[in-house]
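233 is the number of the first residue of the sequence shown in our numbering; add one for each residue after it.
For reference, the structure is listed below as structure tokens.
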Amino acid sequence: MRQLEDDFCEYLGIKYAIATNSATSALHTALLSLGVGRGDSVEVPDVTFSATASSVYMANATPHLVDIDEYYTMKPCHGKYAIPVHLHGQPADLDNIRCEYIIEDCSQAIGAEYKGRKVGTIGDFGVFSFNVWKHISSGEGGMLVTNDDELARKARLIRNHGEVCSEVLGYNYRMPELCGAVLLPQFRNLHEQLERRREVADRLNEGLREAVGIPEVRDGCKHSYYTYAIKTNRRDELQQRLSNKGVYFGKGGYRPLHHIPFYQGWGVGEYPYADECYETVMFSDGIGHWTLEDADKIIEVIND
């Protein structure tokens, strides 16, 4: 596990990497390390996996839901705390997240870059996931990264029951050593995997640009293509035609949080782009296994 942490620091060019048993526990640890608690509000995107918002609730704070932009990431916002999510592997618009403290949710975006810097290194904390579906996986697992000495010290205490000093209430958020051993060889091959995903995505983007809304990459950024998402008013038809050829695309992505009963009332106003995307987006996490020949087949089916 420590070797994985060291390799992560070197890869990101960051001072501290703290391995955890999930990205959810890493998010919770980050929030507690920043002192988030009762009475605090944290900006989170309306479209994300529920753990982004539930971790805020676990810290006794309140998520404030923010609509997404055309890149499926959180629109510009301001406040004290924010958790921008690099959804699908697309970097969020970090320059316009004008909050005092930022936790980057990089669960889907390992290897993505924002204006020349790897995601996870720009905010106060970065959080990564090694869930079974991610770029590299140990079944479950997470990584919390930071450049701040004091935040790293607090995070390590929280990860491990407060350790011996009991300065803070801690949890059993440690990554098992076996998970670290499983991740290490995958991590060392990450660059090749990312290059393959980008090559396939470039082929798809070139071939589908006139037929559907492709995942445009934000200026100055690098996408990591955790999933390949397209936007179309012919979603049901295309999904069925692709399925007939053995290619699976899911509908919608994540259900907007403002539609989920538990999270209702935590936002202000309307979420038009979140709602539109839920009705028109289709996505696949199969891009990690696709070849250029697979990409050509998808292009042919959609353009037919």
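Glycine residues also receive a C-beta, built at the ideal position from the N, C-alpha and C atoms.
Between the alpha carbons of ARG234 and THR261 lies a gap of roughly 18 Å.
Its Cα nearest to that of GLU525, the residue ARG428 stands out among HIS490, GLY445, ARG428.
Going by DSSP, THR256 is part of no beta strand (DSSP E) but of the alpha helix (DSSP H) stretching over 255-265.
Rounded to the nearest angstrom, the gap between the Cα atoms of GLY445 and THR464 is 6 Å. Excluding five sequence positions before and after GLY358, the CB atoms of its chain that fall closer than 6 Å to its own CB belong to GLU336, CYS338, GLY352, VAL377, given in chain order. As computed with DSSP, LEU524 is found in no beta bridge at all. Of the candidates GLY482, ASP536, ALA461, CYS453, the residue whose Cα lies closest to the Cα of LYS350 is CYS453. PRO277: member of the beta strand (DSSP E) spanning 273-277, first to last residue. Here the alpha carbons of PRO447 and LEU266 stand approximately 33 Å from one another. At a Cβ-Cβ threshold of 8 Å, ILE315 and VAL279 do not count as neighbours.
TYR480 and ARG430 have their C-alpha atoms some 19 Å from each other.
Contact between the stretch 364-378 and the stretch 408-420 is present: 3 or more CB-CB pairs across the two stretches fall below 8 Å.
Secondary structure of GLY321 (DSSP, three-state): helix. DSSP places MET375 inside the beta strand (DSSP E), whose first and last residues are 374-378.
Rounded to the nearest angstrom, the gap between the Cα atoms of GLN471 and MET514 is 8 Å.
Taken in chain order, the unbroken stretches of beta strand (DSSP E) that lie wholly in the stretch 469-532 and span 3 residues or more are 513-516. For ILE334, the uninterrupted beta strand (DSSP E) run begins and ends at 329-337, by DSSP. Burial state of PRO488 is buried, judged by a 10 Å Cβ sphere holding 16 or more other Cβ atoms.
Judged by DSSP secondary structure, LEU401 falls outside any beta strand (DSSP E); it is assigned neither H nor E.
Taking the Cα positions, TYR505 is about 10 Å away from THR512. The beta carbon of ALA527 sits closer than 6 Å to those of VAL432, ARG435, LEU436, all from its chain and outside the five residues before and after it, given in chain order. Here the alpha carbons of LEU474 and VAL449 stand approximately 24 Å from one another. Secondary structure at MET306: strand, using DSSP grouped into helix, strand and coil. For PHE240, no pairing in a beta bridge is given by DSSP.
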